[in-house]
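In terms of full-length UniProt numbering, the sequence shown opens at residue 1 and continues consecutively. Ideal placement from N, C-alpha and C gives every residue a C-beta, glycine not left out.
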Amino acid sequence: METGWLYLVVGPSGAGKDTLLDAARQRFGNTTSVIFPRRSITRSENAGGEDHIGLSVDEFTRKKRAGIFALSWDAHDLKYGIPRSINDELSDGKCVVVNVSRSVLNEARNEYPNLRIISITVDPDILSQRLHARGRESEADIQRRLDRAKSYRVRGDDVIEIDNSGPLEEAISNFVMAIENPYLQTSHPYRYTEASVFQG
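As structure tokens, then:
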């Protein structure tokens, strides 16, 4: 059986990663061939946002030492972990889709030959509007996120770039097509559009 594909979703805060992932879960809801694993995060499960496994820092550290996580990283004073069970899913030929930090990409590239990185991009002005609208951060925090986003570019032959600046349904469609078609990419970061997909 051919090994399944691992799709790592990256992008600056406010790019719409969670929205696209939620939409993809619904689109693939009737199939068992595409898996969206729950992440372990060192925050309460009642904190809102994504459906995750809440762990204390000590619990997370013990699990990491025990080899429970396939990938793990620190970001914004939190710890994140992807369950090692994804390896079994991939061995069974299933596709796994998960939101990660750029900091684990090189490690993942060394571990998983069937890998695609889906990089979500967004126009800086639209990103600013989204960050202000959600009201989670102070003005200073928002500016820091915007500054980081300016240099946020992931490169490589395994990168599929999706622009989420326009209509949401278009970005969702392109996101789903990227998962369904891992070979629809070029030797450079690729910006999916309806036209480019059908032209090959």
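What residue from the options has the CA that sits closest to residue i's CA?
i: THR61; options: HIS52, ASP51, LEU78, ALA47; result: LEU78
i: ARG145; options: THR31, VAL9, ALA75, ILE117; result: ALA75
i: ASP141; options: ASN30, PRO167, SER173, SER128; result: SER128
i: SER151; options: LEU115, PRO12, ASN181; result: PRO12
i: LEU90; options: ASN181, GLU2, PRO182; result: GLU2
i: SER33; options: ARG136, VAL97, SER173; result: VAL97
i: GLU169; options: LEU6, GLU180, ARG27; result: ARG27
i: GLN94; options: PRO167, ALA24, ALA23, THR31; result: The amino acid at residue 94 is misidentified as Gln; the sequence shows Lys. Closest by alpha carbon: THR31.
i: GLY4; options: SER138, ILE68, PHE175, TYR112; result: TYR112
i: ALA47; options: SER173, ASN181, ARG136; result: ARG136
i: ASP51; options: GLU59, GLY67, ASP22, ALA66; result: ASP22
Just grab the DSSP bridge partners of residue i for me.
i: ALA75; result: LEU78
i: SER13; result: DSSP, once it has assigned bridges, lists no residue as partnering SER13.
i: ARG116; result: TYR7
i: ASP88; result: ASP88 pairs with nothing; no bridge assigned.
i: VAL98; result: LEU8
i: THR19; result: None; THR19 has no bridge partner.
i: ASP163; result: THR121
Which same chain residues end up closer than 6 angstroms to residue i when comparing Cβ atoms and leaving out the 5 residues on each side of it in sequence?
i: residue 205; result: Here the chain has residues from 1 to 200 only, and residue 205 is not among them.
i: SER44; result: GLY54
i: SER165; result: VAL122, ASP123, ILE126
i: GLU194; result: For GLU194, the predicted structure reports a pLDDT of 37, less than 50, and the residue's modelled location is therefore unreliable. A value from the coordinates is still provided. Nothing meets the Cβ criterion.
i: TRP73; result: TYR80, SER101, SER103, VAL104
i: SER196; result: For SER196, the predicted structure reports a pLDDT of 34, less than 50, and the residue's modelled location is therefore unreliable. The matter cannot be settled from this model.
Roughly how far, in whole angstroms, is the beta-carbon of residue i from the beta-carbon of residue j, given that I think they are within contact range, below 8 angstroms?
i: GLU161; j: SER119; result: 5 angstroms
i: LEU115; j: LEU8; result: 7 angstroms
i: VAL10; j: VAL176; result: About 17 angstroms separates the two Cβ atoms, so there is no contact after all.
i: GLY29; j: ALA171; result: At roughly 19 angstroms, the Cβ-Cβ gap does not stay under 8 angstroms, so GLY29 and ALA171 are not in contact.
Can you list, in chain order, the residues of its chain whose CB lies under 8 angstroms from that of residue i, leaving out five sequence neighbours each side?
i: SER187; result: Because the pLDDT of SER187 is 35, which lies under 50, any placement of that residue in the model is unreliable, and the question is left without a value.
i: VAL57; result: THR42, LYS79
i: GLY49; result: ASP18
Please list, in chain order, all residues of the same chain as residue i whose beta carbon is under 7 angstroms from its beta carbon, the five residues on each side excluded.
i: ALA70; result: ILE82, PRO83, ARG84, ILE86, ASN87
i: ARG130; result: GLY14
i: GLN199; result: The predicted position of GLN199 is uncertain, since its pLDDT is 29 and thus under 50; a value taken from the coordinates is nonetheless stated next. Excluding residues within five positions, none has a Cβ falling inside 7 angstroms.
i: GLU107; result: LEU71
i: SER179; result: Residue identity differs from the one stated: residue 179 is Ile in this sequence, not Ser. Cβ within range, chain order: TYR7, ALA24, VAL34, CYS95, VAL97.
i: LYS64; result: SER72, GLY81
i: ASN148; result: As written in the sequence, residue 148 is Arg, which differs from the Asn given in the question. Counting only Cβ-Cβ distances below 7 angstroms, and skipping sequence neighbours, we find PRO12.
Can we count residue i as close to the ligand ADP, meaning its CB is less than 7 angstroms from some heavy atom?
i: VAL100; result: You won't find the ligand ADP in this model; it holds no ligand whatsoever.
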